[in-house]
Amino acid sequence: MAILKILRYGDPVLRQKAKEVSKISKKIKTLIENMLDTMYAANGVGLAAPQVGENLRIFVIDVSKDDEPYKPMVFVNPKIIKKEGAICVKEGCLSFPEAYVNVRRYSDVMVKALDMNGKPFVMEAHNGELLAYAIQHENDHLDGVLFVDHSRNIFEATEALQKYNLPQLEKDKLLDETELEDAILQKESQMKNSKENGGAN
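Take the sequence shown: its letters are residues 71 to 271, numbered as in our numbering.
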């Protein structure tokens, strides 16, 4: 297998919309195996085909912990068919070495896709677990959307990119996620009140 070059933020390929895979050929299977090897070599949780310069709707994920055996998951032509709930997550990306930013995500998602053998499956992830936001993060890559586009704080994101000598935030790409932000703020307020009330008892 081969370790592929991961494109860094600023490469125009990362902003392109990827194409559907028409057939899971031997070449596609080799690409998937190489993507998994590349992800593991970089200590990543997920990797999308555009990140290795392939304009295809494929991503791989493995959310197993360090002390667990690998549990690779392959998603070909994925579609998120349900999303709800809201959560703030501190995310990074293999195309943004070392930079982490607080972003908005849905806490619950359902995705349908094909596996490496072309067999369709549906997967759910709940309660803001790592798998839930990993699916959203990788699926975004297939539409040319990057995790910093979901930034909750422009100043924090700008600072993080500057710190690691990455290109500036593309402010025209920032997403208007007012409803998601309101839901996160409401959740944070409830948690704060709950802590304060708990401390008063």
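C-beta: ideal position from N, C-alpha, C; glycine also.
I'd like the list of long-range same chain contacts for Val272, defined as Cβ closer than 7 Å, with 5 residues on each side in sequence excluded.
Beyond the ends of the chain as shown, which are 71 and 271, falls residue 272; an answer cannot be given.
Determine, using beta-carbon pairs with one atom in the segment 118-127 and one in the segment 76-86, whether at least three such pairs fall under 8 Å.
The count of Cβ pairs closer than 8 Å, one atom from the segment 118-127 and one from the segment 76-86, reaches three, so the stretches are in contact.
Separation of Ser177 from Ala195, as counted between CA atoms:
For this step, residue 195 is matched to residue 125 along the sequence shown. For this step, residue 177 is matched to residue 107 along the sequence shown. Distance from the CA of Ala195 to the CA of Ser177, rounded to the nearest whole angstrom, comes to 8 Å.
Can you grab the Cα-Cα spacing for the pair Gly80 / Lys89, in whole Å?
Position 10 of the sequence shown, counted from the start, is the residue given in the question as residue 80. Position 19 of the sequence shown, counted from the start, is the residue given in the question as residue 89. CA-CA distance, Gly80 to Lys89, rounds to 20 Å.
Under the three-state reduction of DSSP, which class applies to Lys87: helix, strand or coil?
One-based indexing of the sequence shown puts residue 87 at position 17. In the structure shown, Lys87 sits in coil (DSSP, three-state: anything other than H, G, I, E or B).
Buried/exposed call for Asn267, threshold 16 Cβ in 10 Å:
Against the sequence shown, residue 267 aligns to sequence position 197. Here Asn267 is exposed, its C-beta having fewer than 16 other C-beta atoms within 10 Å.
Closest Cα partner of Phe166 within the set Asn104, Leu201, Leu216, Arg127
Here the question's residue 166 lines up with position 96 in the sequence shown. Residue Leu216 is the option with its Cα nearest to Phe166.
Three-way DSSP call (helix, strand, coil) for Asp252 in this model:
On the sequence shown, residue 252 is found 182 positions in, with the first residue counted as 1. If DSSP states are grouped into helix, strand and coil, Asp252 belongs with the helices.
Taking Tyr203 as part of the alpha helix (DSSP H), name the residues at either end of that continuous run.
Against the sequence shown, residue 203 aligns to sequence position 133. Here the alpha helix (DSSP H) through Tyr203 covers 200-211.
Hey, how far is the Cα of Lys182 from the Cα of Lys257?
As a first step, residue 182 must be located in the sequence shown, where it is residue number 112. As a first step, residue 257 must be located in the sequence shown, where it is residue number 187. Cα to Cα, the separation comes out at about 28 Å.
Residues in the same chain with beta-carbon distance under 6 Å from Gly162, minus the five sequence neighbours each way, listed in chain order, please.
For this step, residue 162 is matched to residue 92 along the sequence shown. Excluding positions up to five away in sequence, the list reads Tyr170.
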